[in-house]
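Just so you know, this note's numbering puts 33 at position 31 of the sequence shown, and the rest follows in order with no gaps. Positions of the beta carbon are idealized from the N, C-alpha and C atoms, including for glycine. Source: prediction; values computed, not measured. Everything below concerns the one structure shown next.
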Amino acid sequence: MQKIVTLKLHWQILIALVLAIVFGIFLPEKVIYVSWMGDLFLRALKMIIIPLIISSMITGVANIGNAESLGRIGMKTITFYLFTSLIAIITGLVLVNFLKPGVGINIGFTQQIDSASFQNQSLGNILMRIIPDNIFDAMAKGDMLAIIFFSLLFGYFVTTLDDKHSRPLKRFFDALFAIMMKITLFVIKFTPLGIFGIVAGVIAKQAGDSASLLTILQKMSIYMLAVLLGIFFHTFVTLSVILKLGKINPFRHLKNMTTVMLTAFSTSSSNATLPITMDAVENIDGVSNKISSFTLPLGATINMNGTALYECVAVIFIAQAYGIDLSFQQQFIIVITSLLAAIGSAGIPMAGLVMMSVILNAVGLPLEGIGLILAVDRILDMFRTAVNVYGDTCGAVIIAKSEGEQLNV
Ligand code: ASP
Numbered sequence: 003m004q005k006i007v008t009l010k011l012h013w014q015i016l017i018a019l020v021l022a023i024v025f026g027i028f029l030p031e032k033v034i035y036v037s038w039m040g041d042l043f044l045r046a047l048k049m050i051i052i053p054l055i056i057s058s059m060i061t062g063v064a065n066i067g068n069a070e071s072l073g074r075i076g077m078k079t080i081t082f083y084l085f086t087s088l089i090a091i092i093t094g095l096v097l098v099n100f101l102k103p104g105v106g107i108n109i110g111f112t113q114q115i116d117s118a119s120f121q122n123q124s125l126g127n128i129l130m131r132i133i134p135d136n137i138f139d140a141m142a143k144g145d146m147l148a149i150i151f152f153s154l155l156f157g158y159f160v161t162t163l164d165d166k167h168s169r170p171l172k173r174f175f176d177a178l179f180a181i182m183m184k185i186t187l188f189v190i191k192f193t194p195l196g197i198f199g200i201v202a203g204v205i206a207k208q209a210g211d212s213a214s215l216l217t218i219l220q221k222m223s224i225y226m227l228a229v230l231l232g233i234f235f236h237t238f239v240t241l242s243v244i245l246k247l248g249k250i251n252p253f254r255h256l257k258n259m260t261t262v263m264l265t266a267f268s269t270s271s272s273n274a275t276l277p278i279t280m281d282a283v284e285n286i287d288g289v290s291n292k293i294s295s296f297t298l299p300l301g302a303t304i305n306m307n308g309t310a311l312y313e314c315v316a317v318i319f320i321a322q323a324y325g326i327d328l329s330f331q332q333q334f335i336i337v338i339t340s341l342l343a344a345i346g347s348a349g350i351p352m353a354g355l356v357m358m359s360v361i362l363n364a365v366g367l368p369l370e371g372i373g374l375i376l377a378v379d380r381i382l383d384m385f386r387t388a389v390n391v392y393g394d395t396c397g398a399v400i401i402a403k404s405e406g407e408q409l410n411v
């Protein structure tokens with residue numbers, strides 16, 4: 003008993019994951035008795051996110067101190083995120099052109115797409131929403147970019163106040179951040195139970211239609227292979243090389259992030275994983291709150307290596323399935339719009355699928371092509387979210403190292 007209680011969290015999560023798969027396959031009709039645990043866990047994570055981001059960003063930015071260092075760290079972070087996303091897309095581009103998963107697929111069907119969810123996704127619209135017209139409304143809706151923007155401004159201007167005013171604000175947000183971290187640590191203890199509930203639910207849903215799922219998986223296997231190979235290559239090769247160049251031990255860092263990646267995988271949400279990501283990057287890797295509170299919430303919102311790669315592979319797969327030969331120029335547009343779509347995707351399940359309409363539109367492919375990849379999207383979402391979050395953590399450690407911090411990796 004003692005042994006089980008002291009088992010490391012990532013082992014507990016792995017065991018929960020395996021048990022959930024078994025449960026979902028063999029007892030799909032009993033899943034309602036456990037899925038509530040997943041719902042509660044997700045609700046608890048979401049409950050933490052907004053006050054955690056606000057307090058940590060304001061404290062972090064206020065501690066960075068002056069406009070010059072804020073500008074420097076900001077530039078480094080954004081450059082790192084854009085650069086790694088672009089490499090991920092190019093990896094996907096090479097793989098999908100090489101494996102050609104869509105060639106030979108006959109698509110004589112048109113599936114119904116929920117068109118409502120594909121509206122209002124223009125990039126201009128997304129950029130516009132960075133500046134909220136009502137910050138309380140943005141908080142209530144969980145509009146991450148707007149919340150980040152406001153917290154950045156707030157944190158920065160705290161540093162320009164005189165001592166009399168800045169001190170109480172800094173102390174207040176410091177204390178708020180400390181309490182949010184305490185609540186986060188408390189919620190993290192329930193991760194194995196939460197993940198058991200979530201994954202059992204997902205598996206039971208799929209298993210209910212196992213015969214057709216199997217045929218779909220077979221038909222889609224090369225497409226899935228292209229996405230997964232790309233994701234594995236990016237995680238284990240590209241990011242490892244980049245970490246090594248940044249004088250970070252990639253194996254150690256990967257090991258430190260096991261719980262984070264398993265949670266991202268199970269929840270399929272960068273946002274929901276954020277409290278756990280912040281805890282691990284600060285407390286295991288040893289990154290300062292100053293850096294992690296800036297890089298991680300921003301990363302969870304705009305940096306999605308896995309999604310970027312997946313967008314590119316999926317759109318070219320759709321083009322291949324329609325028998326459309328893409329010109330170099332069109333492929334270039336796909337690369338750029340994949341990057342924008344990944345930046346614009348919210349850190350929630352299946353957001354990447356919705357954003358794909360932007361790319362299809364840009365290169366003139368039919369929107370209903372999305373129907374082709376719908377069936378396996380939930381599974382791929384788990385993998386891409388894990389690497390999305392891992393990419394953020396790599397950014398945090400590399401930037402912390404470049405700022406001269408002493409880390410445990
Ligand atoms: N689920 C992903 C995330 O939260 C986004 C996506 O759908 O690609 O990072």
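- DSSP places glycine 203 within a helical segment (H, G or I) once states are collapsed to three.
- Applying a distance threshold of 6 Å between residue Cβ atoms and the heavy atoms of ligand 1 selects Ser270, Ser271, Ser272, Met306, Thr309, Ser347, Gly349, Ile350, Pro351, Met352, Ala353, Gly354, Asp383, Arg386, Thr387, Asn390, given in chain order.
- Counting the other Cβ atoms within 10 Å of the Cβ of proline 170 gives fewer than 16, which makes it exposed.
- When DSSP states are grouped into helix, strand and coil, tyrosine 35 belongs to the helix group.
- Contact annotation, phenylalanine 82 with isoleucine 401: C-beta distance approximately 7 Å; criterion of less than 8 Å satisfied.
- Around the beta-carbon of glutamine 322, 16 or more other beta-carbon atoms lie within 10 Å, marking it buried.
- Comparing alpha carbon positions, the residue from Ile320, Leu230, Gly288, Gly366 closest to glutamine 331 is Gly366.
- Annotation for glycine 288: Leu409, Asn410 place their beta carbon closer than 6 Å to its own, counting only its chain and skipping 5 residues before and after.
- In the displayed model, arginine 380 falls within a helix according to three-state DSSP.
- The beta carbon of asparagine 251 sits closer than 7 Å to those of Val411, all from its chain and outside the five residues before and after it, given in chain order.
- Comparing C-alpha distances from isoleucine 338 to each of Glu313, Gly73, Ala228 shows the shortest one belongs to Glu313.
- Ranked by Cα distance from leucine 178, the first of Ile17, Met59, Arg131, Asn136 is Met59.
- The criterion of a C-beta distance shorter than 8 Å is not satisfied by valine 229 and leucine 369.
- Counting along the chain, phenylalanine 174 sits inside the alpha helix (DSSP H) bounded by residues 165 to 190.
- Restricting attention to Pro30, Phe43, Ile27, the CA atom closest to the CA of serine 268 is found in Phe43.
- Pairing methionine 357 with alanine 344, the inter-Cα distance amounts to about 8 Å.
- Relative to phenylalanine 192, the option among Phe28, Leu47, Ser340 whose CA is nearest is Leu47.
- With a cutoff of 8 Å on beta-carbon distance, glycine 308 and valine 389 are scored as near each other.
- Counting along the chain, phenylalanine 238 sits inside no alpha helix (DSSP H), nor does DSSP assign it H or E at all.
- Proximity to lysine 172 across Ile66, Met384, Gly373 peaks at Ile66, based on C-alpha coordinates.
- Contact between valine 201 and alanine 377 does not hold, since their C-beta atoms are separated by about 18 Å, which reaches or exceeds 8 Å.
- Non-local beta-carbon contacts of methionine 141 in its own chain, meaning distances under 7 Å to residues more than five positions away in sequence, involve Ile52, Ile149 in chain order.
- Beyond the five residues adjoining it in sequence on each side, aspartate 135 comes within less than 6 Å, by CB distance, of no other residue in the same chain.
- Non-local C-beta neighbours of alanine 398 in its own chain, meaning closer than 8 Å and more than five positions away in sequence, comprise Val283, Asp287, Val289, Ile293, Ser294, Thr297, Leu298, Gly301, ordered along the chain.
- Counting of Cβ neighbours within 10 angstroms places arginine 386 among the buried residues, the total reaching 16 or more.
- Between leucine 362 and serine 87, the C-beta spacing is not below 8 Å.
- In this structure, glutamine 333 lies away from leucine 84, with their beta-carbon atoms at least 8 Å apart.
- In chain order, Val378 place their CB closer than 6 Å to the CB of methionine 222, counting only its own chain and leaving out the 5 sequence neighbours on each side.
- Between leucine 245 and histidine 236, the beta carbon gap of about 12 Å keeps them out of contact (Cβ cut-off 8 Å).
- Taking the Cα positions, proline 277 is about 14 Å away from methionine 146.
- Ranked by Cα distance from serine 270, the options Leu241, Leu219, Val204 are led by Val204.
- Sequence-distant Cβ neighbours of lysine 10 in its own chain, meaning closer than 8 Å and more than five residues away, do not exist here.
- DSSP, read as helix, strand or coil, puts alanine 348 in coil.
- Short of 6 Å from the beta carbon of isoleucine 375, and not among the five residues preceding or following it, lie these beta carbons of its own chain, in chain order: Ala316.
- Beta-carbon to beta-carbon, serine 153 and isoleucine 56 are separated by about 5 Å, close enough to satisfy the 8 Å threshold.
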